[in-house]
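Just so we're aligned, residue 84 is where the sequence shown starts under the numbering used here, counting upward by one.
Just so it is clear, CB atoms sit at the ideal spot from N, CA and C, and this is done for glycine as well.
Everything on this sheet refers to the single structure shown next.
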Amino acid sequence: MNIFIFALLPLLFIADKIALRNKKFLFSFYNINVLLDPNNSVNAYVIGNNLVVTRGFLNLDIEEQRAILAHEFSHMVLNHYKKTKTLLIISIVVSLLLFQINVFFSLLSLILALLFSRYLSRK
């Protein structure tokens with residue numbers, strides 16, 4: 084079972100690179116890279132120090148863009164991405180350790196971690 088821990092944890096560290104692989108660099112300011120996702124849906128999200136906006140986001144009026152950007156910057160200022168990633172790593176390790184004892188506790192720990200993660204992002 085310990086081999087799963089060593090197999091999963093590196094994936095969490097390269098997941099950011101994979102998620103950003105097809106995004107186009109737009110510009111950088113204050114150590115924040117702004118990237119364009121070619122998706123036409125209206126969305127913006129943060130991955131580390133990268134702010135990703137979709138093509139659909141660019142079609143919004145300026146006030147809507149400002150509101151969405153303020154929301155995403157608040158995630159950056161409050162370190163939600165780092166907290167969520169740390170929580171995910173801890174929950175995977177704990178879940179795999181509990182899996183050796185009982186599958187129910189393993190699943191319960193993952194569900195609690197996901198709920199806490201949602202709580203952090205809404206806070």
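Original post:
Would the segment 139-154 and the segment 119-131 be scored as touching if the rule is three or more Cβ pairs under 8 Å?
Top reply: yes
Subject >> For residue 99, the three-state DSSP class (helix, strand or coil) >> reply: helix
**OP:** Let me know the secondary structure DSSP gives residue 171 once reduced to three states.
**Re:** helix
Original post:
Candidates 121, 146 and 164: which alpha carbon is nearest residue 136's?
Top reply: 121
Original post:
Between residue 172 and residue 195, what straight-line distance do the alpha-carbon atoms span, to the nearest angstrom?
Top reply: 13 Å
**OP:** With DSSP as the reference, please indicate the residues paired to residue 111 in a beta bridge.
**Re:** 116
**OP:** Just the C-alpha distance for residue 105 and residue 115, rounded to the nearest angstrom, thanks.
**Re:** 18 Å
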